[in-house]
């Protein structure tokens with residue numbers, strides 16, 4: 005009969021093998037859409053349930069039909085980015101207006117609900133870590149109301165937005181046009197305010213919730229701890245980001261097409277896809293080999309920094325600090341392994 009110690013030895017080997025063989029790119033065209041009490045149409049992009057060995061985090065995509073609202077529920081911390089549409093959210097009884105490009109921080113166990121006031125379906129992506137919350141016995145999911153059509157007088161039922169901040173001072177919502185552009189306000193030499201770190205090198209960087217890849221502690225007033233949508237990266241045509249290694253992160257492709265090299269393998273992507281940097285020290289770089297710009301939304305989870313603080317060597321490592329210009333023919337005849 006196996007002892008607890010034997011089980012631990014086996015679990016370590018199994019975890020390593022699972023991460024080594026895990027998928028990296030999630031295809032937007034292959035999403036499995038379902039209906040839930042919360043959403044009329046929702047799909048998991050990255051998460052354990054769709055074959056990605058995350059550290060408890062999940063990335064979802066959902067649609068709110070024209071003239072509808074989501075359910076009202078509460079759970080662990082969440083980050084939400086609006087891809088299309090306009091309307092408002094109610095978070096712990098306060099109204100926050102949104103449109104395409106707005107990002108939300110939903111605090112731990114805050115009641116929240118989204119209302120679509122636009123003429124077309126609204127679309128959003130959401131990052132949260134329910135599997136981690138449940139594993140540590142702190143997870144709760146309470147469905148307070150179900151999705152459905154908006155009442156005829158929905159615009160009059162809720163007070164107008166008075167602030168993008170909650171009563172306790174933390175930011176709840178930020179429109180993209182109000183986000184800080186690091187290439188304008190950040191240090192010109194690429195140095196972090198934090199000793200020993202280097203900034204990401206991109207054509208443009210918009211700071212949303214901030215993160216350890218930013219050259220300063222700027223977070224626009226957000227107080228995200230468990231999960232954050234940290235920045236939006238832009239790469240101009242035929243360029244790459246810098247080459248580096250760190251633990252788990254995700255990228256959702258907002259615009260354009262390109263590929264990522266992760267531990268020496270190539271993974272092509274396009275708008276609507278997502279990339280999962282696995283939860284190990286993974287060497288990777290992102291490339292725009294097209295004639296148009298790309299934009300990607302970066303997601304990180306707080307558990308990463310717990311382990312970076314206690315595990316020697318388990319932190320970001322730079323292999324090349326700056327981006328590189330790609331030859332015009334870079335998109336054709338590439339010899340690296342592909343995953344479609």
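Numbering (my numbering), first residue to last: 5 to 344.
We put the CB at the ideal spot given by N, CA and C, even for glycine.
Please classify residue i as buried or exposed, where buried requires at least 16 other C-beta atoms within 10 Å of its C-beta.
{"i": "residue 161", "result": "exposed"}
{"i": "residue 108", "result": "buried"}
{"i": "residue 316", "result": "exposed"}
{"i": "residue 34", "result": "exposed"}
{"i": "residue 339", "result": "Because residue 339 sits at a pLDDT of 34, beneath the cut-off of 50, its placement in the model cannot be relied upon, and the point is left open."}
{"i": "residue 2", "result": "Within the shown structure, residues of the chain are numbered from 5 to 344, placing residue 2 beyond reach of any answer."}
{"i": "residue 102", "result": "buried"}
Taking the alpha carbon of residue i as the reference point, which residue from the options has its own alpha carbon closest?
{"i": "residue 130", "options": "282, 237, 90, 84", "result": "84"}
{"i": "residue 299", "options": "330, 322, 262", "result": "262"}
{"i": "residue 301", "options": "234, 70, 322", "result": "234"}
{"i": "residue 167", "options": "98, 259, 291", "result": "98"}
{"i": "residue 1", "options": "100, 145, 133, 214", "result": "Since the first residue shown for the chain is 5 and the last is 344, residue 1 is missing from the structure and cannot be characterised."}
{"i": "residue 141", "options": "148, 133, 147", "result": "133"}
{"i": "residue 285", "options": "49, 156, 312, 110", "result": "312"}
{"i": "residue 32", "options": "276, 225, 172", "result": "276"}
{"i": "residue 281", "options": "125, 143, 24", "result": "24"}
{"i": "residue 68", "options": "178, 113, 38", "result": "38"}
{"i": "residue 146", "options": "136, 76, 95", "result": "76"}
{"i": "residue 274", "options": "10, 6, 5, 30", "result": "30"}
Tell me, to the nearest whole angstrom, how far the beta carbon of residue i is from that of residue j; I am working on the premise that it is less than 8 Å.
{"i": "residue 264", "j": "residue 279", "result": "5 Å"}
{"i": "residue 60", "j": "residue 153", "result": "No, residue 60 and residue 153 are not in contact; Cβ-Cβ is about 34 Å, not under 8 Å."}
{"i": "residue 74", "j": "residue 8", "result": "43 Å between Cβ atoms; not a contact."}
{"i": "residue 49", "j": "residue 64", "result": "6 Å"}
Helix, strand or coil: how does DSSP classify residue i here?
{"i": "residue 140", "result": "coil"}
{"i": "residue 28", "result": "coil"}
{"i": "residue 42", "result": "coil"}
{"i": "residue 134", "result": "helix"}
{"i": "residue 87", "result": "strand"}
{"i": "residue 174", "result": "coil"}
{"i": "residue 227", "result": "coil"}
{"i": "residue 65", "result": "strand"}
{"i": "residue 151", "result": "coil"}
{"i": "residue 310", "result": "helix"}
{"i": "residue 240", "result": "coil"}
{"i": "residue 59", "result": "coil"}
Among residues of its own chain, excluding the 5 on either side of residue i, which ones have a beta-carbon nearer than 6 Å to its beta-carbon?
{"i": "residue 306", "result": "229, 230"}
Apart from the five residues just before and just after residue i, which ones in its own chain have a Cβ nearer than 7 Å to its Cβ?
{"i": "residue 175", "result": "109, 168, 169, 224, 225, 226"}
{"i": "residue 222", "result": "184, 211, 214"}
Which residues in the same chain have their Cβ closer than 8 Å to the Cβ of residue i, if we skip the five residues on either side of it in sequence?
{"i": "residue 254", "result": "50, 61, 63, 131, 278, 279, 280, 281, 302, 303, 304"}
At least one CB of chain D closer than 7 Å to the CB of residue i: is that the case?
{"i": "residue 270", "result": "Although the question refers to chain D, the structure presented lacks it and comprises just one protein chain."}
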